[in-house]
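Structure first, then comments.
There are 2 protein chains.
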Amino acid sequence: MQYYNLFILLVLVLLHGLSHGLGIDQASRLRALRGKRLGGERSSDDGRWEVLDMEDEGFFDSGKMEDDLIEGGLPGQPSGVLFKQYSGYVTVNELKGRNLFYYFAEAAEDPSSKPLLLWLNGGPGCSSLGVGAMVEIGPFGVKPDGKTLYLRPYAWNKVANTLFLESPVGVGFSYSNNSFEYNENGDKRTAQDTYAFLINWFRRFPHYKNRDFYIMGESYAGFYIPELADTIIRRNMKAVSSSIIHLKGIMIGNGIMNDMTDNRGFYDYLWSHALISDKTHQGLVEYCKFPDSYECKKLEDHIELEVGLIDFYNIYAPVCLRASNSSRKPKRHGGFDPCEADYVLRYLNLPQVQEALHANRTKIPYAWEVCSSVITSWTDSPSTMFPIYKRLISSGLQILIYSGDVDAVVSVVGTRYSINALNLKVIRPWHPWSESTKVVGGYRVVYEGLTFATIRGAGHEVPRFQPRRAFALMESFVAGK
Amino acid sequence: MQYYNLFILLVLVLLHGLSHGLGIDQASRLRALRGKRLGGERSSDDGRWEVLDMEDEGFFDSGKMEDDLIEGGLPGQPSGVLFKQYSGYVTVNELKGRNLFYYFAEAAEDPSSKPLLLWLNGGPGCSSLGVGAMVEIGPFGVKPDGKTLYLRPYAWNKVANTLFLESPVGVGFSYSNNSFEYNENGDKRTAQDTYAFLINWFRRFPHYKNRDFYIMGESYAGFYIPELADTIIRRNMKAVSSSIIHLKGIMIGNGIMNDMTDNRGFYDYLWSHALISDKTHQGLVEYCKFPDSYECKKLEDHIELEVGLIDFYNIYAPVCLRASNSSRKPKRHGGFDPCEADYVLRYLNLPQVQEALHANRTKIPYAWEVCSSVITSWTDSPSTMFPIYKRLISSGLQILIYSGDVDAVVSVVGTRYSINALNLKVIRPWHPWSESTKVVGGYRVVYEGLTFATIRGAGHEVPRFQPRRAFALMESFVAGK
């Protein structure tokens with residue numbers, strides 16, 4: 001529940017509907033940003049994604065992996081954990097003072113034979129440590145006390161070495177020495193900085209340099225990941241062999257792809273899932289072809305009234321009703337705790353946790369947050385990933401797009417529209433897939449160069465809601481199936 | 001999971017997909033029946049619903065309520081239960097020997113001040129005792145041992161005196177002395193027999209005669225209930241005052257209303273909920289305007305292949321994987337047990353239970369079943385309820401149509417199409433409703449003469465999947481809100 005998809009309508013609409021610390025001001029600000037993005041500040045030629053030159057091509061402090069070892073493990077972790085964990089900062093721009101924070105959990109068994117997986121959360125502005133690692137796929141989750149950890153049954157480090165990056169600067173523990181830089185974040189710089197992070201991280205962990213490498217993530221990382229993959233592929237062409245990154249594949253969940261189809265999918269999803277009236281749906285379809293129009297803005301406001309207090313990120317999940325006028329304790333519903341992000345917030349702000357993580361050594365003047373509130377603007381963002389997808393497909397990269405089907409934010413309907421618009425040849429038509437049981441885990445279509453899969457009953461953060469199904473999907477992807 | 005909506009496509013398609021004791025033969029038989037129904041055997045003038053004359057207007061054995069008292073309660077029921085329970089047979093046609101079985105649980109507190117509620121399940125052929133009472137709204141559910149009962153937290157007899165009827169003959173313990181009659185069941189005779197049942201039941205329980213009376217139910221009872229209400233209203237006009245039934249309202253969940261819109265809703269629901277491919281959806285929309293066509297039949301077969309093993313009655317619920325090649329015990333998922341109908345089957349076939357219920361005294365030559373397998377044909381069924389709805393609306397009856405939104409069988413999309421086709425004036429537009437918490441329980445639209453409500457996250461048997469929300473809805477309906 002803690003992502004902002006800055007640019008997707010509903011986020012604007014719903015952020016202040018849910019109690020995750022964002023008030024109406026935040027929502028209004030986001031709305032303003034979206035107008036801006038959809039206005040002059042977006043590239044009209046979305047094919048012109050360019051891989052930026054490195055602002056500072058020098059090698060930064062590559063550091064020593066030994067210094068990043070989390071000795072004795074994380075505070076409050078259960079006993080008997082044998083895999084190694086590392087975390088710390090990698091400077092991505094020395095001149096401007098941009099430093100990205102990472103957390104790395106080696107594979108639980110035999111890490112040297114396992115691939116390397118980079119996980120990225122979206123937002124923009126949300127933390128891969130707080131969301132990806134702590135409530136989705138990392139080895140540990142945080143208990144309601146906010147102090148102790150539990151082992152996640154379907155942790156992805158059972159299959160891969162898992163690297164979580166807080167990106168861009170301003171997110172989580174990642175920072176810049178120059179705070180105005182938080183307003184200069186955008187897609188291009190994020191790709192550039194992440195690439196610089198990888199080059200330097202591989203220098204710090206040289207034995208991972210030749211490892212099969214996968215990038216995975218969700219939501220707004222639907223932009224980050226193709227952009228980063230494109231950057232890696234282009235730079236690999238120019239790079240000396242020691243700097244080549246062995247990117248094998250990308251796997252993106254409930255990721256944004258293309259404004260027009262994503263938005264239409266959002267409207268149609270809301271209607272077909274009985275969340276809005278016929279009239280509002282008809283209006284959205286008619287007027288929101290031009291999202292800047294007065295009629296569209298009015299209808300977007302109206303969505304919120306009609307839908308009321310639900311979790312747009314999983315339309316059937318319980319909502320975290322902390323504080324407010326409810327004195328009830330958050331309840332676990334079948335193992336799912338809607339308030340888990342609160343516990344993570346408390347945990348990662350504990351001084352002993354930050355010390356163990358080698359985080360926040362420069363005394364950042366704000367608390368760690370699940371999603372950043374210091375990032376208040378965004379300089380560039382394309383309206384579509386189609387041109388990049390076309391390049392990635394022709395590069396032969398292994399591509400899996402997956403979609404939790406009870407997420408309204410980046411809905412399965414929108415993603416289907418988007419993939420259809422790519423006009424790819426179907427190699428294997430729609431069919432159910434399943435994990436260990438006979439029961440359907442979701443559906444799959446194999447296109448030439450790209451596979452699409454759904455995860456039945458999963459919300460926006462798929463591994464959070466359907467951990468076993470998500471794990472099975474990832475495992476089979478990494479196995480090349 | 002134990003209804004057959006004989007006439008709705010998907011049932012044909014999915015019945016043998018789920019393990020509830022029906023094999024492929026059954027599915028084929030149902031398919032044949034549907035063809036028949038959609039062919040010559042359906043009334044082409046659906047406005048010509050007629051209230052049949054009673055075949056035998058004589059007063060049957062009205063019996064004594066004392067004889068029907070379940071003394072000491074049901075076998076295995078928890079201690080401390082104070083409300084009275086009755087059950088037994090009411091003859092509805094003496095000449096033909098048709099006898100309907102009922103189970104009646106008085107209100108838990110102060111029954112004399114509470115309304116009377118008749119609950120009907122659909123099918124046709126499914127038991128209101130086995131489904132409605134035992135897994136949905138009755139005071140007790142059956143534990144996995146198949147022998148002991150638990151108190152249902154949101155039992156509807158907290159608000160009303162609850163009457164469950166096994167109807168028509170051939171369902172559950174209801175029987176005819178002439179077994180050929182099981183093939184002569186149809187909508188008209190069902191309405192007629194249920195009316196006769198009510199007249200005689202009120203004679204047996206005279207202190208309920210002037211009580212506010214509601215009819216509630218779901219699924220194929222979307223036909224039974226309006227037809228019964230229409231029958232009551234018409235017969236009330238002719239009846240002597242002592243035979244007037246004080247019908248106040250009807251409340252129908254995931255009920256079929258009108259073939260064309262229900263079917264179109266089914267196809268669109270499957271697509272928008274990411275269960276079938278674009279291609280199959282397009283085909284269904286194009287070819288299934290004529291359900292008898294070869295192309296349509298082929299596509300219907302294809303649905304099953306594309307969808308695989310899920311529960312169409314709650315597309316996100318776990319499926320009961322008993323027997324088969326799985327040795328795992330059924331698990332309870334957040335309080336929901338997908339195998340509960342199995343326990344009911346065992347419980348209601350225990351000799352001591354049948355004895356306590358005064359059931360099966362004539363030694364019916366087949367076991368009690370959740371859904372009847374002795375009913376193998378159906379003589380009449382309209383293609384639409386619209387003409388009856390129009391009459392009921394103009395009669396001033398209180399009407400609530402509700403829809404659990406994760407049911408594919410009679411989907412919320414189809415029900416919305418159907419209600420739209422009724423062309424009623426909107427009195428209060430689409431808005432969220434909630435029970436005790438702030439969280440949205442579903443949505444509501446008030447039309448002139450009819451209210452439509454959804455229940456968020458509920459499958460076909462709404463009170464089974466969302467007991468608290470269903471209870472709140474019923475409570476407010478009975479309170480006239």
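Heads up: the protein sequence lines correspond to chains X and P, in order.
The end of the first sequence is residue 481 by full-length UniProt numbering, with every number in the run present.
The end of the second sequence is residue 481 by full-length UniProt numbering, with every number in the run present.
We put the beta carbon where it would ideally sit given N, CA and C, even for glycine.
Inter-residue Cα distance where the pair is residue i and residue j
i                      : j                      : result
residue 267 of chain X : residue 286 of chain X : 11 Å
residue 130 of chain P : residue 94 of chain P  : 26 Å
residue 390 of chain X : residue 288 of chain X : 27 Å
residue 335 of chain X : residue 314 of chain P : 20 Å
residue 402 of chain X : residue 431 of chain X : 14 Å
residue 252 of chain X : residue 219 of chain X : 8 Å
residue 293 of chain X : residue 384 of chain X : 20 Å
residue 81 of chain X  : residue 162 of chain X : 15 Å
residue 62 of chain X  : residue 204 of chain X : 5 Å
residue 123 of chain X : residue 221 of chain X : 8 Å
residue 227 of chain P : residue 188 of chain P : 8 Å
residue 240 of chain X : residue 53 of chain X  : 16 Å
Below-8 Å beta-carbon distance, residue i vs any chain X residue
i                      : result
residue 382 of chain P : no
residue 467 of chain P : no
residue 337 of chain P : no
residue 483 of chain P : Nothing can be reported for residue 483 of chain P: it is not among the residues displayed for chain P, which extend from 1 to 481.
residue 413 of chain P : yes
Where residue i meets chain X, residues with beta-carbon distance less than 8 Å
i                      : result
residue 222 of chain P : Per Cβ cutoff of 8 Å: no residues; residue 222 of chain P is ~17 Å from chain X at best.
Close beta carbons around residue i, own chain, < 6 Å, minus the five adjacent residues each side
i                      : result
residue 461 of chain X : 136
residue 421 of chain X : 261
residue 283 of chain P : 299
residue 360 of chain P : 173 and 354
residue 90 of chain X  : 100, 197, 200 and 201
residue 231 of chain P : 51, 191 and 195
Residues bridged to residue i [DSSP beta-bridge criterion]
i                      : result
residue 283 of chain X : Answer is none; residue 283 of chain X lacks a bridge partner.
residue 175 of chain X : X/99
residue 120 of chain X : X/217
residue 296 of chain X : None; residue 296 of chain X has no bridge partner.
Residue i at chain P interface by Cβ criterion, 8 Å
i                      : result
residue 278 of chain X : yes
residue 148 of chain X : no
residue 119 of chain X : no
residue 49 of chain X  : no
residue 460 of chain X : no
residue 302 of chain X : no
residue 463 of chain X : no
residue 430 of chain X : yes
Close Cβ partners of residue i (< 7 Å) along its chain, the five nearest in sequence each way excluded
i                      : result
residue 244 of chain X : 236
residue 478 of chain P : 115, 159, 160 and 214
residue 211 of chain P : 115, 116 and 246
residue 25 of chain X  : At residue 25 of chain X the pLDDT is 31, less than 50, meaning the model places this residue with poor confidence and gives no usable figure here.
residue 438 of chain X : none
Contact set between residue i and chain X, taken where Cβ atoms lie within less than 9 Å
i                      : result
residue 443 of chain P : 274, 275, 276, 277, 306, 307 and 308
residue 268 of chain P : 272
Contact set between residue i and chain P, taken where Cβ atoms lie within less than 7 Å
i                      : result
residue 405 of chain X : 273 and 274
Contacts of residue i in chain P (Cβ-Cβ under 8 Å)
i                      : result
residue 454 of chain X : 274
residue 420 of chain X : 278
residue 534 of chain X : Since the first and last residues shown for chain X are 1 and 481, residue 534 of chain X lies out of range.
Under 9 Å by beta carbon: chain P residues contacting residue i
i                      : result
residue 316 of chain X : 316, 405, 406, 456 and 457
Close Cβ partners of residue i (< 8 Å) along its chain, the five nearest in sequence each way excluded
i                      : result
residue 454 of chain P : 402, 403, 404, 405, 412, 442, 443 and 444
residue 349 of chain P : 367 and 368
residue 207 of chain P : 112
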